[in-house]
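Notes follow once the structure below has been shown.
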Amino acid sequence: MNDFDPALLRELIALLQGGGIEDAELEAKWILEDAGSAAQARDIAQHRAKHEPLQYLLGKWEFYGLTVFVGQGVLIPRADTETLVDAVLTRIPDRAGQRIADLCTGSGCIALALAAHMPQTAFTGADISEQALAYARKNKAYHKMQNAEFVCADVLSTAFAAQHHDLAAIVCNPPYLTAEDMQHLQAEVQFEPETALYGEADGLHFYREITRLWRAALCKGGLLAFEIGCTQGASAAAILAENGFTGIETIRDLNGNDRVVLGRRS
Ligand code: GLN
Numbered sequence: 162m163n164d165f166d167p168a169l170l171r172e173l174i175a176l177l178q179g180g181g182i183e184d185a186e187l188e189a190k191w192i193l194e195d196a197g198s199a200a201q202a203r204d205i206a207q208h209r210a211k212h213e214p215l216q217y218l219l220g221k222w223e224f225y226g227l228t229v230f231v232g233q234g235v236l237i238p239r240a241d242t243e244t245l246v247d248a249v250l251t252r253i254p255d256r257a258g259q260r261i262a263d264l265c266t267g268s269g270c271i272a273l274a275l276a277a278h279m280p281q282t283a284f285t286g287a288d289i290s291e292q293a294l295a296y297a298r299k300n301k302a303y304h305k306m307q308n309a310e311f312v313c314a315d316v317l318s319t320a321f322a323a324q325h326h327d328l329a330a331i332v333c334n335p336p337y338l339t340a341e342d343m344q345h346l347q348a349e350v351q352f353e354p355e356t357a358l359y360g361e362a363d364g365l366h367f368y369r370e371i372t373r374l375w376r377a378a379l380c381k382g383g384l385l386a387f388e389i390g391c392t393q394g395a396s397a398a399a400i401l402a403e404n405g406f407t408g409i410e411t412i413r414d415l416n417g418n419d420r421v422v423l424g425r426r427s
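Numbering (our numbering), first residue to last: 162 to 427.
Structural data, given as structure tokens:
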């Protein structure tokens with residue numbers, strides 16, 4: 162809304178504070194900016210006070226300088242994941258004729274951020290959830306990104322992996338929370354899809370399976386880059402080493418937590 166109404170702002174802040182929202186003032190301002198009417202602003206604040214993610218209520222969020230549309234059924238892009246995008250951009254030069262796969266693409270935020278900076282490279286984003294892919298396709302259309310396509314597929318399927326060859330890189334932010342983590346989810350995260358969060362009992366299931374199944378889909382020297390949970394660096398690096406990857410690195414995010422593990426197909 163353009164007309165700034167201090168009384169409405171105070172009302173929204175009070176609503177959010179009543180629900181125990183920490184950054185009530187900042188969020189109230191965002192809601193006010195985004196809402197089309199006072200009634201809509203109040204409605205969003207009421208839902209937010211119940212800890213529904215602000216990103217779902219606004220319907221969009223920023224990731225790597227791109228507006229990404231999100232809603233229930235798709236993981237919300239995290240700032241931490243920008244570390245994964247940077248890791249790929251600084252290692253793989255943009256080249257005509259090369260392809261990169263983004264497995265468990267969700268909203269498509271990683272594939273689209275990379276595609277925006279690598280206009281000659283072709284991207285395939287794959288996800289098992291049609292609901293998530295609807296957002297990925299909407300985001301692709303919104304940004305008119307010609308060099309990214311999205312397919313619905315189980316990335317743990319041997320047959321699907323076997324369809325891919327000579328990839329310059331595989332990038333993946335899989336579900337990696339443990340059974341224990343799932344017991345202690347922040348209220349907001351409980352609104353997000355379990356299929357995008359839960360990586361089986363020890364959180365490492367997707368690292369094991371993808372590393373094993375997709376190694377042969379990479380070109381020689383091709384890059385496999387995973388986002389990881391902050392305690393998973395050593396385990397994920399060991400999985401890459403066991404599968405014959407070399408040049409393995411663990412990279413920290415801006416908060417100083419281990420966030421990316423990557424290696425090259427030897
Ligand atoms: N980073 C997310 C969280 O902490 C987890 C996302 C994922 O499993 N890839 O909630």
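Quick reminder that beta carbons are idealized off the backbone N, C-alpha and C, glycines included.
This one's a predicted model, so the numbers in the text were calculated from it and none came from an experiment.
Quiz item: Less than 9 Å separating the beta-carbons of Asp247 and Thr266?
Solution: no
Quiz prompt | Closest Cα partner of Lys381 within the set Gly408, Tyr359, Gly390, Ala399 | solution = Gly408
Quiz item: Would you report the Cα separation of Ile271 and Asn416, rounded to the nearest angstrom?
Solution: 19 Å
Exercise. Run through the segment 240-273 for me and flag every whole alpha helix (DSSP H) of 4 or more residues, listed as ranges in chain order.
Key: 243-250
Quiz prompt | Proximity winner among Leu423, Leu401, Asn418, relative to Glu410 (alpha-carbon distances) | solution = Leu423
Quiz item: What residue does the beta strand (DSSP E) around Asp288 start on, and which one ends it?
Solution: 283-288
Quiz item: Can at least three beta-carbon pairs, one atom from the segment 292-311 and one from the segment 243-259, be found at a separation below 8 Å?
Solution: no
Quiz prompt | One or two residues paired with Arg413 in a DSSP bridge | solution = Asp419
Self-check item: Close-in-space but distant-in-sequence residues of the same chain around Thr285 (CB under 6 Å, 5 per side omitted)
Solution: Ala262, Glu310
Exercise. May I ask you to list the residues that DSSP assigns as paired with Cys333?
Key: Leu264, Phe387
Quiz item: Shortest alpha-carbon distance to Ala295 belongs to which of Leu328, Phe352, Phe230?
Solution: Phe230
Exercise. Within its chain, find whatever has a CB closer than 8 Å to the CB of Gln393; leave out the 5 residues flanking it on each side and keep chain order.
Key: Tyr337, Gly364, Leu365, Tyr368, Asp419, Val422
Quiz item: Taking the continuous alpha helix (DSSP H) assigned at Lys211, which residues delimit it?
Solution: Taken as a continuous stretch (DSSP letters only), Lys211 belongs to no alpha helix (DSSP H), as it is neither H nor E.
Exercise. With distances taken Cα to Cα, identify the nearest neighbour of Ala196 among Leu227, Thr372, Lys221, Asp315.
Key: Lys221
Quiz item: If you draw a straight line from the C-alpha of Thr282 to the C-alpha of Ala202, how long is it?
Solution: 41 Å
Quiz item: Across which residues does DSSP place Phe406 in a beta bridge pair?
Solution: Arg426
Quiz item: Is the Cβ-Cβ distance between Leu245 and Asn334 less than 9 Å?
Solution: yes
Quiz item: In chain order, what residues of the same chain have a beta carbon less than 8 Å from the beta carbon of Asn404, not counting five sequence neighbours either side?
Solution: Thr372, Arg373, Arg376
Quiz prompt | Endpoints, the alpha helix (DSSP H) within which Phe321 is located | solution = 319-323
Quiz item: Skipping 5 residues on each side, what residues in its chain have a beta carbon closer than 7 Å to that of His326?
Solution: Ala378
Quiz item: Count the other CB atoms within 10 Å of the CB of Asp166; is the residue buried (16 or more) or exposed (fewer)?
Solution: exposed
Quiz item: Does DSSP put Leu358 in a helix, in a strand, or in coil?
Solution: coil
Quiz item: Does DSSP put Phe165 in a helix, a strand or coil?
Solution: coil
Quiz prompt | Chain-order list of residues whose beta-carbon lies under 8 Å from that of Tyr217 (same chain, five-residue window excluded) | solution = Val231, Gly232, Gln233, Ile237, Phe352
Quiz item: Under a three-way DSSP split, which group does Val350 fall into?
Solution: helix
Quiz item: Can you tell me where the alpha helix (DSSP H) with Glu223 in it begins and where it stops?
Solution: That residue, Glu223, is in no alpha helix (DSSP H); its beta strand (DSSP E) goes 221-224.
Quiz prompt | Check whether Arg209 and Ile174 have beta carbons under 9 Å apart | solution = no
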